[in-house]
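Note sheet for the following structure.
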Amino acid sequence: MGPRVAGHNCSLGYLLGNKKQAYKDLQEMKWCSGDDGRVDSRTVYVGHRSPPGSDTHIVQKFCSNRIVSSKYTLWNFLPKNLFEQFRRIANFYFLIIFLVQVIVDTPTSPVTSGLPLFFVITVTAVKQGYEDWLRHKADKEVNESTVYVVENKKLVEKECQVIKVGDIVQVTEDLVFPCDLILLSTSREEGVCYVTTASLDGESNHKTYYAVSDTMKLSTDEEVGAVNATIECEQPQSDLYKFVGRMHIYGDTHEPVARSLGPENLLLKGATLKNTKKIYGVAVYTGMETKMALNYQGKSQKRSVVEKSINSFLLVYLFLLLSKAVVCTTLKYVWQTKFFLDEVWYNRPVKKDTNQFLHMFTDFLSFMVLFNFIIPVSMYVTVEMQKFFGSFFISWDEEMYDEKIQEGALVNTSDLNEELGQVEYVFTDKTGTLTENNMEFIECCIDGYRYSHKDPFTEVDGFCSTDGPITKLYGRAEKEREELFLRALCLCHTVEINEEDQPDRPTKNDNCRTYISSSPDEIALVKGAEKYGFSFIGRENNYLKIQNRSNETEWYQLLHILNFDPVRRRMSVIVKMQSGSIVLICKGADSSIIPRVKQDHVEEIKRHVERNALDGYRTLCVAYRELEQDEYNVMDSQLNEAKLALHERDRKMSEVYDTIETDMQLIGATAVEDKLQEQAAETIEALHEAGIKVWVLTGDKMETAKSTCYASRLFRNDTELLELTTKTTGDVDRKEERLHELLREFHKTLMQGITNHRQGSRKSWMSVKEYGLIIDGSTLSLILNPEDDRQSTQHRMLFLQICQKCTAVLCCRMAPLQKAQIVRMVKNTKGRPITLSVGDGANDVSMILEAHVGIGIKGKEGRQAARNSDYAILKFKHLRKLILVHGHLFYVRIAHLVQYFFYKNLCFILPQFLYQFFCGFSQQPLYDAAYLTMYNICFTSLPILAYSLLEQRTSIERLSTEFKLYKNISNNALLQWKPFLYWTSLGLYEGLVFFFGAYSVIRNSALGDNGQVFGNWTFGTLIFTILVFTVTVKLALDTRYWTWLNHLVIWGSLAFYVFFSFFWGGIIWPFIKQQRMYFVFAHMLTSVSVWLTIILLIFVSLLPDILVTVFKNSREAQHQAKRRLPSSGTSTVFMLSQTTSSHSFSWSE
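What follows is the structure, given as structure tokens:
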């Protein structure tokens, strides 16, 4: 037995006894060794077969394929769940109060705080336990499912959970992959398979995966079982779209053949095999190390502004609680210093306590227990229920449902419902968010000549003249250049053909071709070439097939694909022509292509590109380069070496791409139209009217994005645009200096405009001049990351001030990271404005996660954005209702809920505090223990829950048309200190009325017809009855939108209180020592004075609130009446806005 290697990973060369290979592997692995010395790569033995020539085979230790998504087990559920629940401050506070009641001789029973706490803990535990049981059930179903593994060259049936890393697994069509597999071979001759990953990223399109070229021909269990190979790959990580590895395949010789492995070779657990009868794959990641399992990790917790307000209010009430306890403790000992008050003649003398400070501390704790109900613990449960049930209203909204795909809006987290009503900034992507992402080929340019299939002069072959120089009018490029350009469109892409039978689709030449690609742009370009006579008809064994105008099939060997990435903004292919020549074909954004080409026809094509961008089209440039065989051989070795690298493969590949994609010749450019989404312009106008600032963050070029902004009415014709782009900053040497000058100039312009408006507003009704800002990615980098750190803060402050004074901002040529930086910069400004990001693609995920609220659109670029968002919608137009209607209602409802809970608990406890002044601070409770326990749980909980779910203080119809109403609740208006103090004052007033009103009546000790005396429990019950009726009727008065459910819970709660009081006081309970409430409630109601007192005090308590409400309603009615009065000025403004809007829209068309 050879020496044992530490851990379960080791160098391949070491195992083979190859010293040179071992040294190379160890040098490469140095980069991935952490502080603990663990090597960050793994070696997998395919089929658990040792490589030839190795003296030892170390048994590797990887995790099993057992999936555990559950959180608890039968043994740890109780302690773990209790620990998690008592981490919440409110639960922990009431636990301490309960323990104090148990340990210290307190005036109230431990049941009064223990039962509500037990109720809250139990309900939460049952909910979480049930959810975890469902996860256990799902795990068991997956773990015990049947899979087929190749062992000893035979197919063996096993349970999914026993698969080990290195096992060769067979998967048949329409089945889910049981673990992460490297594709060895498929039933297709070309070695590809089609997969859907809807369960991982929501993408329903078929994706193509490729088998390793040396194993793709293996088709039987015996052939696959005989493979002798090892795989080196990175350790498990959660990125679904990234994988780095290499495969060493051993033949008759001991020298292995190395092949690179990437994400196109990795079949992910959870994905489904489609249009392929069967595949063989080797397991590389299993169980909890699969990418699907690693992606179960939750996103960072976002807290709403309402939660922060609750914590602030809680501190105030905690201070009130401590103050009451300190005051009562102090006054108690002041009282006891007066002998004639403390030592009454009918009591035995009280022995003085030797430990006075301990006695004072226990008294302080007793008063804390007595007044602890001022802290509304049940509010947290009610808020959670309100958020959870309220989120269904978004999912059930029929206006946000799409009939085409049979899907509606999706709520991924209900914790931020009310945050939708506080949005101040909206950051939106352009392509697929504002636009349809449904690309249509419009025209192209070849050597300066325009070709448009929509032009009336179009010939049969689809070509026409146009807009080049005068000498090129009504001309066309050379035929060879035309065909080269069209062949480039047919070859430079990653489009696949779906071979499924689709009889409902129109056919062409009796052959139905449905194109599949991750990018709609590529499909549009392939279809565009098809209109001009060149058709892409598929790929086969690394050969691309094209049908030319003569219906002849041309074959091109695909040598390399240089994949697109958002940094390079281009992609290339290297193909071998039928003539034997080797050609590099490259397409990409003009900013990334033009600097890399020779300057022939560049200016003519640039003019064409700029004109198309102004028309709102998406543009791409196409270039090519002929390669000599020796030149290609060097490139081939560089590409293969970079592909085989385990360390920093992406960086090395990018460097090789940069060296290859140079010295090209520009052939032409394309124009593709991406139409504006339905009602996108109206949605942006509504957001502007609501006081929300909209920023567009896009990777597109400035001209295209600018045109879209005009069409979507983000910019108007009278909007003055301020540009911070590479065009305005000028030369490289003076960029930062010029940027500083522009920032100061723009800041001065905006400040002067605001000053002029303020001076002129007294003399004129004209609106303030609107400004818009345009900035590109390179200029933003200068602002955020300047070479001189001293200028960073100054530049950023000036930039932010300019942005805040502009009505709209367009950021173009943005990288995904820059989008997130913009959002972070705005949300961290003074005032901490609430931000919302909306996007549809993977490049929008970073800004969606960064914003306070993230909205994903279920678009054509996949579902990564929707999967990482807080809310997912189908169209951009749905954003209007989500924010301005649902957000408004959610915020108003929960704000009222929070204020109401603090108010009703203050009304509840204030009489208890006042009662201590009349009982010698003896800690005598005013209310019975049953009333203390059930006040928040039963008597007053359901009405406010129903109110917070159903109330519409402003109707949905009005919110859908009067968008300015959103401004009334902005800046957390309903949870500021002013409304909080109003509710607190109302609670103080009503508590005083309850106590002293009842006290003035109860002083007449004989209220009964028989002259029977009313005692302290009658006094407390009278106050409690007035309290329950007052706070419930107060909620009824606040209700504007009545449903049968509101009636049921409001009047039902009052009826239940009366029934319970009769029931509780009508029976002698054997488990209670003191029957102090026996017949108290029934006997109290026999007095006419009590009836009159209850009615009168309820009216007096609610009178101030009624008067305030009447006053507010009258003012609102007067305001609405003034708005309905005819006014020539108003009509003129309306006509101007209509003219501007229509002009802007017609201009964009």
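Numbering (the working numbering), first residue to last: 5 to 1153.
The C-beta atom is built at its ideal place from N, Cα and C for all residues, glycine as well.
- By the neighbour-count criterion, in which 16 or more other beta carbons inside 10 Å mark a residue as buried, residue 574 falls on the buried side.
- Secondary structure of residue 882 (DSSP, three-state): helix.
- Taking C-alpha positions only, residue 56 is separated from residue 235 by approximately 15 Å.
- Within the DSSP secondary-structure output, residue 163 pairs in a beta bridge with 150.
- In this model, residue 928 and residue 111 are separated by some 6 Å (Cα to Cα).
- In the DSSP assignment, residue 394 falls outside any beta strand (DSSP E) and lies within the alpha helix (DSSP H) extending over 382 to 399.
- When Cβ pairs closer than 8 Å are counted between the two stretches, the region 271 to 279 is seen not to touch the region 215 to 235, the count staying below three.
- Judged by their CB atoms, residue 811 and residue 854 are not nearer to each other than the 8 Å cut-off.
- A straight-line Cα-Cα distance of about 8 Å links residue 665 and residue 590.
- Counting the other Cβ atoms within 10 Å of the Cβ of residue 1019 gives fewer than 16, which makes it exposed.
- Beta-bridge annotation (DSSP): residue 542 is paired with 549.
- The Cβ atoms of residue 381 and residue 120 lie closer than 8 Å to each other.
- DSSP, read as helix, strand or coil, puts residue 447 in strand.
- Per DSSP, the unbroken alpha helix (DSSP H) holding residue 328 starts and ends at 309 to 340.
- Per DSSP, reduced to three states, the secondary structure at residue 251 is strand.
- Within the same chain, 276 come within 6 Å of residue 180 by CB-CB distance, once the 5 residues on both sides are set aside.
- If you look at residue 90, you'll find it isn't in any beta strand (DSSP E); DSSP assigns it neither H nor E.
- Counting only unbroken stretches of 4 or more residues, the alpha helix (DSSP H) elements lying wholly within the region 912 to 981 are 933 to 938, 945 to 954, 960 to 963, in sequence order.
- A residue is called buried when at least 16 other Cβ atoms come within 10 angstroms of its Cβ; residue 555 does not meet this threshold and is exposed.
- With a cut-off of 8 Å on Cβ pairs, the region 986 to 994 is not in contact with the region 436 to 452, counting fewer than three such pairs.
- Looking at 745, 363, 320, 169, the one whose alpha-carbon comes closest to that of residue 333 is 363.
- Taken atom to atom, the span from the alpha-carbon of residue 1087 to that of residue 1036 is near 24 Å.
- In this structure, DSSP gives residue 48 an extended state, which the three-state scheme calls strand.
- The DSSP-derived three-state label of residue 266 is coil.
- DSSP places residue 453 within a strand segment (E or B) once states are collapsed to three.
- Residue 902 sits in a helix when the DSSP states are folded into three classes.
- When C-alpha distances from residue 247 are compared across 185, 692, 798, the shortest belongs to 185.
- Residue nearest to residue 393 within the set 418, 1114, 408, 405 is 418 (criterion: CA-CA distance).
- For residue 286, the closest alpha carbon among the candidates 673, 841, 667, 183 is that of 183.
- Residue 498 and residue 577 have their C-alpha atoms spaced approximately 10 Å apart.
- By the neighbour-count criterion, in which 16 or more other beta carbons inside 10 Å mark a residue as buried, residue 198 falls on the buried side.
- Cα atoms of residue 544 and residue 483: separation of roughly 28 Å, rounded to the nearest angstrom.
- If you look at residue 669, you'll find it in the beta strand (DSSP E) that goes 669 to 680.
- Straight-line measurement puts the Cα of residue 891 at about 27 Å from the Cα of residue 1052.
- Nearest Cα to residue 151 within the set 138, 824, 140, 165: 165.
- Secondary structure of residue 519 (DSSP, three-state): strand.
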